[in-house]
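In what follows, a structure is listed as structure tokens, so that the remarks can point back to it.
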Amino acid sequence: MSEALSHSPGLPGLPALSLVPKTDAKQSAKEFKTDQEVRWCPGCGDYAILAAVQSFLPELGLRRENIVFVSGIGCSSRFPYYMNTYGVHSIHGRAPAIATGLSVSRPDLSVWVVTGDGDSLSIGGNHLIHALRRNVNLKILLFNNRIYGLTKGQYSPTSEVGKITKSTPMGSLDNPFNPVSLALGAEATFVARTIDSDRKHLTETLRAAVNHRGTSLIEIYQNCNIFNDGAFDPLKESATRDDVTIRLVHGQPIRFGVDGSRGVVRADDGSLQVVDVAQAGEDRLVVHDAHAEDPSVAFALSRLSDPMTLANTPIGVFRDVDRPSYDELAVAQVARAKEAAGGTADLAALIAGGDTWQVD
Amino acid sequence: MQRRVAPLLPPAYEGAVVGRPGNDPASDRSRSARQHVSKQVVQLDRVIIRFAGDSGDGMQLTGDRFTSSTAMFGNDLSTLPDFPAEIRAPAGTLPGVSAFQLHFADHDIMTPGDAPNVLVAMNPAALKVNLTDLPRGADVIVNTDEFTPRALTKAGFASNPIEDGTLESYAVHAIPLTSMTVEALKVFDMGKKDAERAKNMFALGLLSWLYHRPTDGTISYLRTKFAKSPTILAANLAAFEAGWSFGETTEDFAVQYEVKPAHLPQGKYRNISGNLALSYGLVAAGQLTGLPVFLGSYPITPASDILHELSKHKKFGVTTFQAEDEIAGVGAALGAAYGGALGVTTTSGPGLALKSETIGLAVALELPLVVIDVQRGGPSTGLPTKTEQSDLLQAMFGRNGEAPVPIVAPRSPSDCFHAALEAARIATTYRTPVLLLSDGYLANGSEPWRLPEVAELPDLTVAFATEANQTMPDGSQQFWPYLRDPQTLARPWAVPGTPGLEHRIGGLEKADGTGEISYDPTNHDHMVRLRQAKITGITVPDLEVEDPDAAARVLVLGWGSTYGPIGAACRRVRADGGSIAQAHLRHLNPFPANTEAVLRSYERVLIPEMNLGQLALLVRGRYLIDAVGYNQVRGLPFKAEELAGVIKDVISNV
Ligand code: SF4
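Chains X and Y, in that order, give the protein sequences. According to our numbering, the first sequence is numbered sequentially starting from 1. According to our numbering, the second sequence is numbered sequentially starting from 361.
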């Protein structure tokens, strides 16, 4: 790795997978399946995500042994057992920390983190924001089902206020996190949202994320049909979905609704607003710029959605900017130190230090 | 105002011989060029000096410099820095006192000493705090400039102890250190405050003269440290020089002392602190295993120095990662270990508590991991800068479930190097997290270290798994991540990137062999016992006993940093005609195989610990031996004299 890397933040550098060995052999989804019986509840949204990832990976042509899935604890965190790659099913909330150590010390690996809303936003919140801030070369799939599934149905940090669950029989009191807003607040360099049931959009999002330099955070709205069934129905049902979903496309005016009748404009106070396009005028529409250095507009977009009704929910890539990954910089420092030493790191000289004396 | 010191031998010195200057090889190692005012030179076999002042007075630096010169001179030595947790505690207060004790001798010594022969007190608070430790006749050098009515009140003196007879039993040297420093620096273009700051160098110069210390080391140290600020450099050099000259010319010091170099085993030596030795041990472990070292760490006293030190050694393939918290520190280290690095995390007691779940995961994953706990006073935040041995049971049992972890404990600052190698050996050989228990006393204390030959260090080469290890009934080959080496019971270390060995591991219970998730009751019982058997079966060297006359009926058993004080206490007991055996545990889990036999061959086992009896609990539980504990948790190492008294009591009662 060249010395220049660490001195040129902002310049296009190594894409995430450039050091991961490729295979010439043709791969199929089948090779990425394990012989383990998948143990999610029938109908769980996790199945669709697993199938999408298994079908997508062959596109990359990476050697299977150089791919690692690391997860925490929760329904989604069983994911690595079903991927015929290397995998670690770790402990609650800590997957980003464990994956950071792995990724930084092994630039030849494609490291994925699979986590849920409780795993990454409650118990593991600290590790998530710091991985994002550092821009570690991780692809983080955050399955957001807005509930605790594995522990049988308590409200989660993304549950809407007033949620009636086993632990909140009179309704939950605390304001939910919006994972995209949180990630943008941490200045994550790649932030996207997609939906379990929209295979095409999910795959496109994976494709956009996988070659990103540094951390990619993909929030995947995932249905838990046992404890929070239908949580994302407004975004899924044909009667409502076009009305509530804002599909973000880089370089395109932000427009949605049946016949594209609604759009996003900048209000006089600088905030973003959803308006009737016919009234506001097409030329006032905000053109989505995922590559904007400043995350403010992306953040404002993430605030448009209503956590109760899901009205005005953007999906797609909110932000995708180029910054050196923590991994590159860390590896470059070690390489530079080795180079400066001219390949001679002398242990005897190190332990002797400067001040020695001889006893005869 | 100044009282003259009697040119008689103060009773605090042992084995002093009066001589003349310049007639032994040691004296020309001090300052050959300088014109000596003829003063009496007294030969001593050992000296204990304590520098004490305000946290901002630079006492640790002064102590460090004096130590370096003493090491270069060839004395054996042992040090005890003792400072408050606050970076700058309120000036002039008792809790704000920072001290550095140094014991040096012409023979090998084991501790920083019980009671100082010389106290340098830079202010009334420093005098007040340290006076109780001073034996009668000790030299007390006080900085009279700081003994103002206000400072005296702050320190709790009703009147000035220099004048009211409080110090009657001591040889007092009342010296206006601050104003003399300012006077010496008035040629420099600097404010009074800045000039005053150099008073520790004046004190260092004076003490260097008093004990015939070589000065070159301090001069070159100052040159490097202040290379970018010529005025400050010149001022510090001048203050140092002025202190030296003052000693030479003042009538206040009628004698100069000499402690000849010690007769240590042949070899090349350096002075080293525990944290530095530990850091070097980790770098060496990386070289000897052939693995890149990955340190995941979060700053915590008194372990942070290891993070600082390792971050300087990237050229050895060391990566340091300052994590967002203790959990991420160990998590990242474990992730790196999964990828084939030598994963290390460093912390102190509170951090170890936070890491326990991840260490449990490492036990389940059966991956190598070195966890270093530089123990400090607890519980909770406790005494961050003071020493204690109270994390032994946390290291042993502080995880959910049956999660055995080997424990290694260094016995002296330089031994931290070898303990780090041993921890790495066990971790990589047995694929297990290993806990290394250092403590604040070892971490910051220092001693001369005979440098090992790199070629003689153990070969710790590690082999990763490269191929399938199981032939199925149909003849096909599979890789089973939990198939064990029959000797060590270690599982294969198969790192990502190895084709054909793709596997999934996790914290859920695994089926023996295949490593697949298993909730089977019999399998779980079997796996719990297997993991325990692996740790119990670790090969560790036998426990050695020092019992010179082979007549001892009492054995003193210790572990970790109490080695020095226990050893010194045993010497005292023997010097007084008693018989006592000493054994010291480096391995606390598993215990050496001969431990029970050793313990049973004595009528009584005494276990001194800086906790309330944690090793004693393990020994009793394991061997049903009714060991006697001696326990102190004052944040300071044991004193040899105190321990010698305890040992004599136990001997007289068997
Ligand atoms: S509890 Fe919910 S999230 Fe978990 S597996 Fe079942 S359906 Fe999926």
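Virtual Cβ for every residue (Gly too), placed ideally from N, Cα, C.
Just list the residues that DSSP pairs residue i with in beta bridges.
i	result
Y:E446	Paired residues: none, contrary to the question.
X:K139	X:W112, X:S216
X:V192	Note that residue 192 of chain X corresponds to Ala in the displayed sequence, not to Val. X:A192 is bridged to X:I218, X:V317.
Y:T882	Bridge partners of Y:T882: none, in fact.
Y:Y530	DSSP lists no partner for Y:Y530.
X:L272	X:R266
Y:E906	Y:Q942
X:L173	In DSSP, X:L173 forms no bridge with anything.
X:M83	X:K33
Y:V542	According to DSSP, Y:V542 bridges with nothing at all.
Y:W919	Y:L945
X:K22	X:L62
X:I67	X:S110
Y:N631	Y:P808
X:N144	X:Y221
Name the chain Y residues that come within less than 7 Å of residue i, Cβ to Cβ?
i	result
X:G87	R864
X:V68	P856
Pull up the distance between the alpha-carbon of residue i and that of residue j, whole angstroms please.
i	j	result
X:R241	X:L109	38 Å
Y:L648	X:T344	15 Å
Y:T541	Y:D417	13 Å
X:I49	Y:K746	53 Å
X:L184	X:M83	29 Å
Y:T453	Y:N490	13 Å
X:H201	Y:E862	29 Å
Y:V768	X:A99	28 Å
Y:S772	Y:A558	33 Å
Y:R391	Y:A779	Reliability fails at Y:R391, whose pLDDT of 39 lies under 50, so the model's placement of it is uncertain and no value is given.
Y:L959	Y:L795	24 Å
Y:M970	Y:L512	34 Å
X:L350	X:I73	43 Å
Y:P381	Y:K399	Interpretation of Y:P381 is limited by its pLDDT of 38, a score under 50 that renders its predicted location unreliable; no figure is taken from the coordinates.
Y:S657	Y:R759	20 Å
Y:E523	Y:R406	30 Å
X:L19	X:S77	27 Å
Y:Q837	Y:T471	59 Å
Y:G737	Y:G709	8 Å
Y:R310	Y:G805	For chain Y, the structure presents residues 361 to 1014; residue 310 of chain Y sits outside this window and is missing.
Y:P476	Y:H533	15 Å
X:V265	X:H288	11 Å
X:G125	Y:L702	27 Å
X:R262	X:L102	45 Å
X:A4	X:G171	Since pLDDT at X:A4 reaches only 36, below the 50 mark, its modelled position is unreliable, and no value is offered.
What does residue i touch in chain X if you count any residue whose Cβ is under 7 Å from its own?
i	result
Y:P509	What Y:P509 touches in chain X: nothing, since even the nearest Cβ is about 44 Å away.
Y:Y640	L350, I351
Y:I687	R94, A97
Using a C-beta to C-beta distance shorter than 8 Å, which residues of chain X count as neighbours of residue i?
i	result
Y:N883	None at all; the shortest Cβ gap to chain X is about 17 Å.
Y:F681	T100, G101, V104, A330
Along chain Y, which residues have their Cβ under 8 Å away from the Cβ of residue i?
i	result
X:T356	K628, Y629, R630, L811
X:V38	Correct list: empty, because the minimum Cβ distance to chain Y is about 12 Å.
X:A340	K675
List the residues of chain X whose Cβ lies closer than 9 Å to the Cβ of residue i, in chain order.
i	result
Y:S428	D355
Y:E717	I91, H92, R94
For residue i, return the contacting residues in chain Y, with the cut-off set at a CB-CB distance below 9 Å.
i	result
X:D108	P856, G857
Open item on the list: Just to confirm the assignment: which complete beta strand (DSSP E) runs, minimum length 3, are found wholly within the segment 737–817 of chain Y?
Closed with: 793–799, 806–810
Open item on the list: So within the segment 327–360 of chain X, which uninterrupted beta strand (DSSP E) runs reach at least 3 residues, ignoring any that extend past its ends?
Closed with: 356–359
Task: Start-end ranges of the beta strand (DSSP E) lying completely within the segment 662–734 of chain Y, minimum 3 residues - done: 678–682, 702–707
Open item on the list: To test your reading of the DSSP string, which unbroken beta strand (DSSP E) runs of 3 or more residues are found completely within the segment 455–501 of chain Y?
Closed with: 457–465, 478–481
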